[in-house]
Every structure is written in structure tokens, then in C-alpha cells.
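K.L.:
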Amino acid sequence: MLLANTWRTLRSSFDPLRQRNFRIYLGGQTVSLVGTWLQVTAQGWLVWTLTQSEAALSVVAMLNALPILLFGPWAGVIAERLDRRQLLIGTQVASMLLAFSLAFLVQSNTVQIWHVYLLSFLLGTVNALDLPTQQTFLGDLSGMGEVRKAVNLNAMILQISRMVGPALAGFVVVQLGVAPSFWLNGISFIAVIATLLAVRSNQVRGEAKEVKPMRDLWEALRYLRTQPRMVDLFIISILVVFLALSIVFSQLPAVAATLLGGDAGTLGILQAASGAGALIGVLIVIPILQSLRRIGVALTISLMWVGAWLLVFSTIHNLALSAIALLMGSIGAPTVLATTLGLVQFMSPLEMRSRIMGLFTMIIFGLQTFAILIVGFIANTFGVATATQINSVLLIVGAAALLTFRRELRTWEPNKSADTPVIEVVPAEAEVLEAVEGVPVVEG
Numbered sequence: 001m002l003l004a005n006t007w008r009t010l011r012s013s014f015d016p017l018r019q020r021n022f023r024i025y026l027g028g029q030t031v032s033l034v035g036t037w038l039q040v041t042a043q044g045w046l047v048w049t050l051t052q053s054e055a056a057l058s059v060v061a062m063l064n065a066l067p068i069l070l071f072g073p074w075a076g077v078i079a080e081r082l083d084r085r086q087l088l089i090g091t092q093v094a095s096m097l098l099a100f101s102l103a104f105l106v107q108s109n110t111v112q113i114w115h116v117y118l119l120s121f122l123l124g125t126v127n128a129l130d131l132p133t134q135q136t137f138l139g140d141l142s143g144m145g146e147v148r149k150a151v152n153l154n155a156m157i158l159q160i161s162r163m164v165g166p167a168l169a170g171f172v173v174v175q176l177g178v179a180p181s182f183w184l185n186g187i188s189f190i191a192v193i194a195t196l197l198a199v200r201s202n203q204v205r206g207e208a209k210e211v212k213p214m215r216d217l218w219e220a221l222r223y224l225r226t227q228p229r230m231v232d233l234f235i236i237s238i239l240v241v242f243l244a245l246s247i248v249f250s251q252l253p254a255v256a257a258t259l260l261g262g263d264a265g266t267l268g269i270l271q272a273a274s275g276a277g278a279l280i281g282v283l284i285v286i287p288i289l290q291s292l293r294r295i296g297v298a299l300t301i302s303l304m305w306v307g308a309w310l311l312v313f314s315t316i317h318n319l320a321l322s323a324i325a326l327l328m329g330s331i332g333a334p335t336v337l338a339t340t341l342g343l344v345q346f347m348s349p350l351e352m353r354s355r356i357m358g359l360f361t362m363i364i365f366g367l368q369t370f371a372i373l374i375v376g377f378i379a380n381t382f383g384v385a386t387a388t389q390i391n392s393v394l395l396i397v398g399a400a401a402l403l404t405f406r407r408e409l410r411t412w413e414p415n416k417s418a419d420t421p422v423i424e425v426v427p428a429e430a431e432v433l434e435a436v437e438g439v440p441v442v443e444g
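The opening position of the sequence shown corresponds to residue 1 in the working numbering, with each subsequent residue numbered one higher.
1) Buried or exposed: which applies to Q86, given that a residue is buried once 16 or more other Cβ atoms fall within 10 Å of its Cβ?
2) Buried or exposed: E413, going by 16 or more other Cβ atoms within 10 Å of its Cβ?
3) What does the alpha-carbon distance come out to for the pair W183 and Q92?
4) Out of Q39, S95 and E54, which one is the CA nearest neighbour of I378?
5) Under the three-state reduction of DSSP, which class applies to N318: helix, strand or coil?
6) Please determine if the stretch 353 to 365 and the stretch 136 to 151 are in contact, where contact requires at least 3 C-beta pairs separated by less than 8 angstroms.
7) How would you label F405, buried or exposed, when you count the other beta carbons within 10 angstroms and need 16 or more for buried?
8) Which stretch, first to last residue, makes up the alpha helix (DSSP H) that contains S53?
9) For W412, which of helix, strand or coil comes out of DSSP?
10) If you follow the alpha helix (DSSP H) that D130 is part of, which residue opens it and which one closes it?
11) Using three-state DSSP, classify D447 as helix, strand or coil.
12) What is the residue span of the alpha helix (DSSP H) that I364 lies within?
13) With H, G and I counted as helix, E and B as strand and the rest as coil, what does DSSP make of P16?
14) Nearest by alpha-carbon distance to G277: which of L321, V397, T258 and G332 is it?
15) Under a Cβ-count criterion, where at least 16 other Cβ atoms within 10 Å of its own Cβ denotes burial, should T386 be classed as buried or exposed?
16) In terms of residue numbering, what span does the alpha helix (DSSP H) encompassing M352 cover?
17) Is it the case that the Cβ atoms of W45 and P253 are separated by a distance below 8 angstroms?
18) For F249, count neighbouring C-beta atoms within 10 Å of its own C-beta (all shown protein chains included) and say buried if the count is 16 or more, exposed if not.
19) What number of angstroms, rounded off, separates the C-alpha of L105 from the C-alpha of M96?
20) Can you give the Cα-Cα distance for A220 and R293, rounded to whole angstroms?
21) Using 10 angstroms around the beta-carbon of A401, count the other beta-carbons present and answer buried if the total reaches 16, otherwise exposed.
22) As a quick exercise: from L119, I390, A198 and A94, pick the residue whose alpha carbon is nearest that of W309.
23) Indicate whether the contact test is met: 3 or more Cβ pairs, each with one atom in the stretch 116 to 134 and one in the stretch 230 to 242, closer than 8 angstroms.
24) Can you tell which of T110, S101, S108 and Q107 has the C-alpha that lies nearest to the C-alpha of L119?
25) Look at the Cβ atom of Q251, then the Cβ atom of L57, and state whether they are nearer than 8 angstroms.
26) From L283 to L17, what distance separates their C-alpha atoms?
27) Residues in the same chain with beta-carbon distance under 7 angstroms from R20, minus the five sequence neighbours each way, listed in chain order, please.
28) Taking the CB atoms as reference points, tell me whether G307 and I396 lie closer together than 8 angstroms.
29) Would you be able to state if there are at least three C-beta pairs under 8 angstroms between the stretch 108 to 124 and the stretch 150 to 163?
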């Protein structure tokens with residue numbers, strides 16, 4: 001009986017793929033994300049070869065995250081008022097041009113570290129608009145009734161790309177050099193741009209009123225203050241991003257070179273192992289996690305799991321064992337983040353989704369700026385192993401404290417909570433919503 005229920009839960013997690021537009025978009029997004037991780041891995045190795053510095057790796061990651069902290073909330077307001085499909089086409093074109101720019105600099109042997117810093121900041125600025133827009137667009141394509149599953153499927157293809165892209169990057173960099181990785185990433189954006197031109201979405205916008213960014217932002221903040229469980233989700237996400245993903249996203253090149261004595265191929269294996277673990281988490285663990293009644297307990301235990309495996313990872317000097325430890329830890333981190341992303345969007349009022357996702361993006365990924373700087377300083381001063389160990393212990397302690405002092409989180413059941421909206425909207429019902437509720441629906 002338990003096995004049958006588990007299988008039914010896993011199978012139902014693919015329900016959003018019944019929507020034609022969602023299927024098309026996800027296909028293009030998969031190709032583009034493989035290219036993105038190809039560039040992330042190659043760029044990390046480029047920075048390491050240029051500087052041999054853990055601090056430089058952190059600066060690049062910090063500059064990529066800083067614009068999200070600065071512009072994230074305003075991006076949410078923009079995504080709520082304008083055509084999200086058109087916005088995404090614009091962000092993909094901009095990202096493609098930035099990838100080609102870096103490819104040209106490397107190909108012509110003129111690249112310097114400040115070029116990478118500048119392009120990282122510009123890409124972060126594009127991402128500040130892209131991330132909340134993309135997360136909300138998933139709901140436009142799948143319908144709010146399936147938005148949590150849609151977010152999970154998007155996370156799944158992100159993890160597939162994290163597995164394929166770095167492995168491909170290791171081969172390309174070793175065999176052909178760094179520049180082809182950036183050219184391939186630029187080309188990969190054509191796939192997602194083509195799918196965005198092909199799909200049509202039913203976008204539910206807020207009521208037609210004068211756009212006042214500050215007023216709209218404060219309105220979202222006031223709403224957030226009335227939702228204690230949503231605040232808990234923000235805290236959980238901050239812990240996993242600040243203490244776990246800051247290591248994985250910025251310091252793996254240093255781990256590959258200093259702890260394991262490897263090259264770009266070693267880095268590719270580590271990145272692929274991290275992606276494989278995350279894929280297992282998104283594909284298998286998340287559907288089971290969402291079927292549990294008390295999801296707050298499950299999320300905090302997942303944080304402890306991540307911290308424990310990162311602690312093990314920091315003590316290993318063998319590539320195979322290191323990859324296994326990273327894989328095990330990576331089962332938890334994206335699982336926590338994708339689950340909280342889906343819950344926050346599911347719990348948000350329709351007219352406020354983009355603004356809240358903008359705040360979520362700013363708080364979660366923007367704060368990563370400071371985490372990356374701190375991790376880079378500690379790694380540069382005491383070594384990457386010490387930095388990883390400190391973060392691991394803090395993650396375990398933080399999760400235990402959250403479970404201890406946020407008592408209502410221990411008994412929270414999202415499907416029964418008053419925090420969760422009862423209205424479910426699917427694309428086919430958009431016109432009904434407009435007629436009954438007076439909410440304008442924009443055909444993208």
C-alpha cells in the first residue's frame with residue numbers, strides 16, 4: 001500500500017507536463033540550462049587559472065549575486081505589471097550577448113580578471129529581473145493548481161543540467177580550451193528564446209492601477225509580516241543558501257585544485273556529482289516530502305542532512321569518496337530550496353506573486369552575496385576545508401534552533417493551513433476568473 005501511494009505521488013508530480021505550453025518551455029529551458037552550467041564550470045576554472053585565489057572565486061560569485069540584492073524587489077514589481085513572456089525573451093537575449101562577449105575575450109587571449117568581474121555583475125543584473133519573472137511564469141504556464149509541481153519540474157531540469165553541463169565542460173575545457181564553453185552557452189540561449197516565442201501563457205496581473213514601486217513593495221512586505229509560516233520558509237531558505245550553496249557555488253574549483261589536486265576534469269566530476277544528488281532529491285525526495293503532513297519538520301531535518309554530509313565532504317582527499325559525499329549532501333539542499341520556492345508561490349495571493357517572489361529572490365539569493373564574501377575570506381585565510389566545516393556546523397545548529405524555537409513550524413500542515421490560498425487557477429479557467437473576480441488576464 002505504501003509503495004503504491006509512493007508511486008502514485010511520484011507519477012502525479014509530472015502532471016504539469018500535460019500542458020503543451022509548459023512542455024515546450026521546459027524543453028528549451030533544459031538546453032539553455034545545460035549551456036549555463038557549462039559556462040559556470042568553465043568560468044570557475046578560468047578565474048582559478050587567472051588568479052589562483054579562493055577570494056577571486058568569491059568575488060565573481062558575489063558580483064553575480066549583488067544585483068539581485070539591489071534590484072530584486074523592483075524586478076518583482078516589474079514582472080507583475082508587464083508581459084512576463086516578453087521580459088523573459090529580453091533577459092535571454094541579454095544573457096546570450098554577455099556569453100558571446102566573454103567567449104570573444106577568451107578566444108582573443110585578451111581576457112583579464114576585471115573583464116570577468118564586470119560581465120558577472122552585468123549577468124547578475126539580468127538575473128535580478130529574470131529569476132522572479134521566470135518563477136512566476138511557471139505558474140502562468142501550468143496554472144496555480146499545479147504551480148508547486150511546476151516549480152519542482154523546473155528544479156529537476158536544473159539539476160539534470162547541473163549534472164550534464166559540468167561534465168561536458170570538463171571534457172570541452174580539457175580537449176578544446178575554455179572559450180568553446182562560452183560560445184556553446186551563448187548558442188544554447190537560442191533554444192529557450194525559440195520556445196518563448198512559441199508558447200502562449202495566461203498571465204494574471206494585479207488590478208489595473210497606477211504603478212508605484214515603493215507602495216507595491218511595502219504592500220508585499222506588510223503581507224509577509226502577517227504570514228509566520230512564510231517567514232519560516234524564508235529563514236529555511238536563507239540557511240541553505242547562506243551556509244550550503246555558498247560553498248557549492250563558489251568554492252568547488254578550490255576544492256578540486258587544493259584538496260584533490262585535480263584539474264578542470266576534476267571540477268566537472270564534482271559539479272556533476274552535485275547535480276546528480278540534486279536530481280535524486282528533486283525527482284524522488286520532493287514528491288514524497290510534499291506528501292508528508294508536517295513538512296516543517298521534514299525541511300529542518302533535511303538541513304541537518306546537508307550539514308552533516310558537507311562536514312564529511314570537507315575531510316576527504318579522494319575524488320571518488322568526495323564525489324559521493326557531495327552527491328549525498330546535494331540530495332538535500334536543492335530539495336529544501338525547491339520545496340520552499342513552491343510553497344511560497346503557492347501561498348502567495350495571485351495579485352502579489354511576482355512581488356513576493358522578487359522579495360524572496362532578493363532575500364535568499366541577495367544575501368548569498370555576503371555569504372560568499374565571508375566564505376571566500378575564510379577559505380583564503382584558513383583553507384577551503386575549514387570554511388566548509390564552519391558552515392556545516394552552523395547549518396546543523398541553525399536547523400536545530402529553528403526546530404526548537406519555532407514550535408508552530410513543527411506541527412504546520414500546509415494543505416490545512418489558513419496561510420494557504422484556496423483558489424486554484426489553471427490556464428483553461430483564466431477567462432472564468434476574469435469574469436467572476438474581475439482580475440484581468442493577459443494573453444502572452
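Even glycine gets a Cβ: it sits at the ideal position worked out from N, Cα and C.
P.N.:
Considering the structure as presented:
1) Using a 10 angstroms sphere on the CB of Q86, the tally of other CB atoms stays under 16, which defines it as exposed.
2) E413 counts as exposed, since fewer than 16 other beta carbons sit within 10 angstroms of its beta carbon.
3) Our two residues, W183 and Q92, have alpha carbons roughly 15 angstroms apart in a direct line.
4) Minimum Cα distance to I378 is reached at E54.
5) DSSP places N318 in coil when its eight states are reduced to three.
6) Touching, yes, given that three or more Cβ pairs across the two stretches are closer than 8 angstroms.
7) The residue in question, F405, is exposed, as its Cβ has fewer than 16 Cβ neighbours within 10 Å.
8) Element bounds for S53: n/a, residue is neither H nor E.
9) Coil, per DSSP.
10) Segment I113 to S142, the alpha helix (DSSP H) holding D130.
11) Examination of residue 447 is not possible in this model, given that the chain is present from 1 through 444 alone.
12) I364: not part of any alpha helix (DSSP H); DSSP gives it neither H nor E.
13) In the structure shown, P16 sits in a helix (DSSP, three-state: H, G or I).
14) It is G332.
15) By the neighbour-count definition (other C-beta atoms within 10 Å, threshold 16), T386 is an exposed residue.
16) Looking at the DSSP string, M352 is not in any alpha helix (DSSP H), and its letter there is neither H nor E.
17) Closer than 8 angstroms, so yes.
18) Result: buried.
19) Spanning the two alpha carbons is a distance of roughly 15 angstroms.
20) Cα to Cα, A220 sits roughly 28 angstroms from R293.
21) Taking all protein chains shown into account, A401 has fewer than 16 neighbouring C-beta atoms within 10 Å of its C-beta and is therefore exposed.
22) In terms of CA proximity to W309, I390 leads the group L119, I390, A198 and A94.
23) They do not touch, by the three-pair rule.
24) In terms of CA proximity to L119, S101 leads the group T110, S101, S108 and Q107.
25) Contact annotation: Q251 and L57 have beta-carbon atoms nearer than 8 angstroms.
26) The straight-line gap from Cα to Cα measures roughly 14 angstroms.
27) The beta carbon of R20 sits closer than 7 angstroms to no other beta carbon from its chain once the five residues preceding and following it are set aside.
28) The answer is yes: Cβ separation under 8 angstroms.
29) No, the stretch 150 to 163 is not in contact with the stretch 108 to 124.
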